[in-house]
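Inspection log for the structure reproduced underneath, given as structure tokens.
Protein chains: 2
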Amino acid sequence: MKKTATPQPRPRGRPREFDETKALDRALEVFWRLGYEGASVADLTRAMGITPPSLYGAFGSKAGLYERVLERYQAEHGADTTRALMEEPTARGAVERMLRGAARQFTRRRQTAGCMVATAVLRCAEENQPVAERVSGLRGESLQRLEARIARGIQEGELPRGTDAEGLARFVGAIVQGMSVQAQDGATEAQLLGLVEVALRAWDAGGRRPRGG
Amino acid sequence: MKKTATPQPRPRGRPREFDETKALDRALEVFWRLGYEGASVADLTRAMGITPPSLYGAFGSKAGLYERVLERYQAEHGADTTRALMEEPTARGAVERMLRGAARQFTRRRQTAGCMVATAVLRCAEENQPVAERVSGLRGESLQRLEARIARGIQEGELPRGTDAEGLARFVGAIVQGMSVQAQDGATEAQLLGLVEVALRAWDAGGRRPRGG
DNA sequence: CGATTTCAAGAGTGACCGCTATGAAAAAGA
DNA sequence: TCTTTTTCATAGCGGTCACTCTTGAAATCG
Numbered sequence: 003m004k005k006t007a008t009p010q011p012r013p014r015g016r017p018r019e020f021d022e023t024k025a026l027d028r029a030l031e032v033f034w035r036l037g038y039e040g041a042s043v044a045d046l047t048r049a050m051g052i053t054p055p056s057l058y059g060a061f062g063s064k065a066g067l068y069e070r071v072l073e074r075y076q077a078e079h080g081a082d083t084t085r086a087l088m089e090e091p092t093a094r095g096a097v098e099r100m101l102r103g104a105a106r107q108f109t110r111r112r113q114t115a116g117c118m119v120a121t122a123v124l125r126c127a128e129e130n131q132p133v134a135e136r137v138s139g140l141r142g143e144s145l146q147r148l149e150a151r152i153a154r155g156i157q158e159g160e161l162p163r164g165t166d167a168e169g170l171a172r173f174v175g176a177i178v179q180g181m182s183v184q185a186q187d188g189a190t191e192a193q194l195l196g197l198v199e200v201a202l203r204a205w206d207a208g209g210r211r212p213r214g215g
Numbered sequence: 003m004k005k006t007a008t009p010q011p012r013p014r015g016r017p018r019e020f021d022e023t024k025a026l027d028r029a030l031e032v033f034w035r036l037g038y039e040g041a042s043v044a045d046l047t048r049a050m051g052i053t054p055p056s057l058y059g060a061f062g063s064k065a066g067l068y069e070r071v072l073e074r075y076q077a078e079h080g081a082d083t084t085r086a087l088m089e090e091p092t093a094r095g096a097v098e099r100m101l102r103g104a105a106r107q108f109t110r111r112r113q114t115a116g117c118m119v120a121t122a123v124l125r126c127a128e129e130n131q132p133v134a135e136r137v138s139g140l141r142g143e144s145l146q147r148l149e150a151r152i153a154r155g156i157q158e159g160e161l162p163r164g165t166d167a168e169g170l171a172r173f174v175g176a177i178v179q180g181m182s183v184q185a186q187d188g189a190t191e192a193q194l195l196g197l198v199e200v201a202l203r204a205w206d207a208g209g210r211r212p213r214g215g
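So the protein sequences, as listed, match chains A and B.
Note that the first sequence covers residues 3 to 215 in the working numbering.
Note that the second sequence covers residues 3 to 215 in the working numbering.
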């Protein structure tokens, strides 16, 4: 059987010598560990195994590379969370899977602790403000998705009608962000799971108005 | 009546011309807003109204200045939290006062959003690792104080005997850290208070083992 | 007063920042 | 083969980094 013809003929000039995806993964590791400002172009090129002109030719700028890295991070490491929200039949189940997953993911050996987005570029020099706003926007989108899933839970009768969807979403978001901080401070998976236990009991009491003093 | 003799005679050489406390407050604002790495010595000296030699003469280094700023931050802005833990008769009351206070404090107008310690220097260049560890240590101490207050609540019978003090402390700490992130992302006091509402209901269910499915 | 001590300011230290000009090398098209 | 196109590595751009040398002013001491 004939192989399908390669859809795009080989481009004109000298072919790229490095694997863009692999280089991106190396850059991801560096940005994750050192942060946007803490990672210098020299750190990045060393890890990626390329020279500065290659980096700028392929990604435009340090900020452009970071943007590509963020996309890759969300596709590779944020997929579990997204799937939890999509696949689980209940909002409660989605949140539980999300939080337990985060506890494991944030404390994986051979991987930088914490989340690359939840606690990234919180403070930075004036000149890097656009990057900070980009990451802040990603956190906002996460909160939106969470809130939408909760709202669906209310509509489907899983949660009481008076439930504060935004408050609940911000609550869950805060737990994830706090777990990311504590993971970076050295917390173990077991310690984070203890935290999650308390949070999930909160969820179970979350929709209703407080019952008394 | 004679005044008590000044305990320390005026020092020999030319006296310092700038007010160290005021300069410290100006530096605090800059570090708070831009972060440790994002704040350059030029930013700091401009805000403090002094020249680099004066800064280095008085504080030794950028890291030394940051250390002094952290002390001042804890004394000035962290005092409410400390007092809540000390003064409130119940752990529950302390946590409630702490969280509501944080919601207001993290969103004060004319002040940088979020906490200067809860989400500071999470990622940084290799060379600044000691600073990151210092701030991480401060967060650890906060968790310790929180856990101790909760343990006291258990001992005094306020909380059930089986309560997971560490899990509960980490839970409350995560809420504060998450609130700091969300405040920096633009959340309002009302939004953070909604989050706190959910968290406090969690607390009320927090000590007990889950009651069922 | 002169001597001593300490501070402040201008000016600049080498090193590193993000980024790029230059030109050789490697592919395709003619 | 020869031109065109693109990528590569060397080398280095102007600027800023944290930090300090040098000089002279402002205080106390004898």
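C-beta atoms are modelled at their ideal positions from N, C-alpha and C, and glycine is treated no differently.
- As the crow flies, the alpha-carbon of A/Q113 is around 21 Å from that of A/L124.
- Chain order gives the chain B residues near A/Q186 as L124, where near means a beta carbon separation below 7 Å.
- Relative to the Cα of B/E31, the nearest Cα in the group B/P162, B/M118 and B/R203 belongs to B/M118.
- For the C-beta of B/F108, not a single chain A residue is nearer than 8 Å; the gap to the nearest is close to 12 Å.
- Membership of A/I152 in the alpha helix (DSSP H) is indicated by the continuous run Q131 to Q157.
- For A/S182, the uninterrupted alpha helix (DSSP H) segment begins and ends at A167 to Q186.
- For B/L202 and B/L195, the gap between their C-alpha atoms comes out near 10 Å.
- Chain order gives the chain A residues near B/F173 as L197, V200 and A201, where near means a beta carbon separation below 7 Å.
- For A/V71, the enclosing alpha helix (DSSP H) stretches over residues K64 to E78.
- Taking a 10 Å sphere around the C-beta of B/A81, we find fewer than 16 other C-beta atoms and assign the residue as exposed.
- With contacts defined by Cβ atoms closer than 8 Å, B/M50 and B/R74 do not form a contacting pair.
- Per DSSP, the unbroken alpha helix (DSSP H) holding B/E89 starts and ends at A81 to E89.
- Counting along the chain, A/Q107 sits inside the alpha helix (DSSP H) bounded by residues A93 to Q107.
- Between A/R74 and chain B, the shortest Cβ-Cβ separation is not below 8 Å.
- Annotation: Cβ neighbours of A/S138 in chain B (cutoff 7 Å, chain order): D187.
- Across the segment 24-56 of chain A, CB contacts with chain B closer than 9 Å involve F33, W34, R35, L36, G37, Y38, E39, G40, A41, S42 and D45, in sequence order along the chain.
- Around A/Q193, the beta-carbon contacts reaching into chain B at under 9 Å are E168, G169 and R172.
- Within chain B, L36, G37, E39, G40, A41, S42 and D45 have C-beta atoms less than 9 Å from the C-beta of A/A127, given in sequence order.
- Assigned with DSSP and collapsed to three states, B/P54 falls in helix.
- Excluding residues up to 5 positions away in sequence, V97 and L148 lie with their Cβ nearer than 7 Å to the Cβ of B/V174 in the same chain.
- One finds nothing in chain A with a Cβ atom closer than 7 Å to the Cβ of B/D21; even the nearest lies about 26 Å away.
- In the three-state scheme derived from DSSP, where H, G and I count as helix and E and B as strand, A/D45 is classed as helix.
- Taking all protein chains shown into account, A/V133 has 16 or more neighbouring C-beta atoms within 10 Å of its C-beta and is therefore buried.
- Going by DSSP, A/V32 is part of the alpha helix (DSSP H) stretching over E22 to G40.
- Closer than 7 Å at the C-beta level to chain A, one finds no residue of the segment 69-96 of chain B.
- Each residue's CA atom was taken as its position, placing B/R99 and B/T84 some 11 Å apart.
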